[in-house]
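Notes to accompany the following structure.
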Amino acid sequence: MANILIVDDAKFMRMTLTNILQNGSHKVVGEAENGRQAVEMYESTHPDLVTMDITMPEMNGIEALKRIIGLFPEAKIIMCSAMGQQKMVLEAIETGAKDFIVKPFDENRVLEAISRVLG
């Protein structure tokens, strides 16, 4: 069981991921709706893993990824992207993201990615 921080500006997406993670016996330790909140919550919850949306207001997922990795090089972050964001996904992986999952979320794919990253 892993402690996971979910970062997405859409409440529906956070709820969907929460359900998938709980079905996979993981614990959601926090939800953030933008990158700024993500950095603050990472510092206070120190999760085992973060699912990070790319496109968000205030601070996007790439910027939040850079800040978190800068502060905590051991952070395990999986990016969540919509179709057509390959360039941003590539930048995220080069910056230190461990994997990515594509929306709409496939439960098996999400849980496989988490197992692989935590593996």
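Just so you know, we're using the UniProt record's numbering here: the sequence shown kicks off at 1 and counts up by one. Glycine included, each C-beta is placed from N, C-alpha and C at the ideal position. Values in this document were obtained by computation on a predicted structure and should not be read as measured data.
Residue environment, residue i, which counts as buried when at least 16 other CB atoms sit within 10 Å
i           : result
residue 53  : buried
residue 100 : buried
C-alpha gap between residue i and residue j, whole angstroms
i           : j           : result
residue 23  : residue 113 : 15 angstroms
residue 18  : residue 111 : 12 angstroms
residue 7   : residue 58  : 13 angstroms
residue 78  : residue 118 : 11 angstroms
residue 25  : residue 116 : 15 angstroms
residue 49  : residue 83  : 23 angstroms
residue 104 : residue 51  : 14 angstroms
Task: In chain order, each beta strand (DSSP E) run of at least 3 residues that lies wholly inside the UniProt domain "Response regulatory" (3-118) - done: As for any beta strand (DSSP E) of minimum length 3 sitting wholly inside the UniProt domain "Response regulatory" (3-118), the runs are 3-7, 27-32, 49-53, 77-81 and 99-102, ordered along the chain.
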